[in-house]
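Read through the structure below, which is laid out as structure tokens, and then see the notes.
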Amino acid sequence: MQTLDRLVHGFARLPGLGRKSAARLVYFLLGAKDEFVESLARDLIALKRDTRPCSRCGVYAEGELCAYCADPTRDTGTICVVEESRDVITIESTQSYRGLYHVLGGAISPVDGVRPADLTIDDLIRRVREHGAGEVILATNPTVEGETTALFLRDRLQAACRPGAELTVTQLALGLPVGGDLEYADRLTLARALNGRTAV
Ligand SMILES: [Zn+2]
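Numbering of the sequence shown is given in this note's numbering, commencing with residue 38 and proceeding in unit increments.
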């Protein structure tokens, strides 16, 4: 197989791309400036080599801490819990949130064999206890799995909270399409969901 065919084959394996779109991308790259294609190739290699989950919150980062944990201007008293690192991009795009994050690494799903122990729930509880967060926002996806996870987290967080410690657990509210992914919620809907979050 020649390079061109191998690349079309490779691109066609990416989410959302069929063979036809894959071919269009490969032909575009063939006609693009050397500089652009070389920098893209270098970034692809660096992505796999240097990008790791942040040791504190699990958001993908280059280095020990992610940009949010390392930023002294972020509100460390608020933690927004998401299923995947990519959900953070969606929430950041609203420009309505200045707190920190916690990436669960998925959602509880008995059908797919994902148990609470497979997620970073214990790390979240430890963070809340040790650093005394004032608010935890549950921003799991509006799916059955996401809702199950949010309910489980609410109970675990409330049970783990030290007596006398003030912890508010809230959940994204209003207008998120049920069954969808946070990723597909538009910016305005998500900003409203963030601002209109309610205690659970
Ligand atoms: Zn982090």
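C-beta: ideal position from N, C-alpha, C; glycine also.
Would V181 pass as a contact of Q208 if the rule is Cβ separation under 8 Å? No, they are not a contact pair.
Beta-carbon within less than 8 Å of V165's beta-carbon, same chain only, minus the 5 sequence neighbours each way: which residues are those? I116, V173, L194, A197, C198 and L204
Is R297 near ligand 1, judged by its Cβ being under 7 Å from some heavy atom? Residue 297 lies beyond the stretch modelled for the chain, which goes from 38 to 237, so this question has no answer here.
Within 10 Å of its beta-carbon, does A98 have 16 or more other beta-carbons around it, so buried, or fewer, so exposed? buried
Assign R56 to buried or exposed, taking buried as 16 or more other Cβ atoms, counted over all protein chains shown, within 10 Å of its Cβ. exposed
Can you find a heavy atom of ligand 1 that lies under 7 Å from the Cβ of Y105? yes
Write down every uninterrupted run of the alpha helix (DSSP H) in the stretch 100–151 whose length is 4 residues or greater and which is fully enclosed by it, in chain order. 123–129
Between L141 and I162, how many whole angstroms is the CB-CB distance? I'm expecting something under 8 Å. That belief does not hold up - the Cβ atoms of L141 and I162 are roughly 12 Å apart, past 8 Å.
According to the Cβ coordinates, are C91 and L77 closer than 8 Å? no
For R89: DSSP bridge partner residues: Paired residue(s): A98.
Distance, D218 Cα to P179 Cα: 7 Å
Is it true that the stretch 136–152 meets the stretch 114–128, where meeting means three or more beta-carbon pairs spaced less than 8 Å apart? yes
So, helix, strand or coil for A230, using DSSP? helix
Going by the C-beta, is V96 closer than 7 Å to any heavy atom of ligand 1? yes
Does ligand 1 have a heavy atom nearer than 7 Å to the CB of L102? yes
Taking the CB atoms as reference points, tell me whether G114 and G171 lie closer together than 8 Å. yes
Give me, in chain order, the residues of the same chain whose beta-carbon lies closer than 6 Å to that of R191; leave out the 5 immediate sequence neighbours on both sides. V206 and V237
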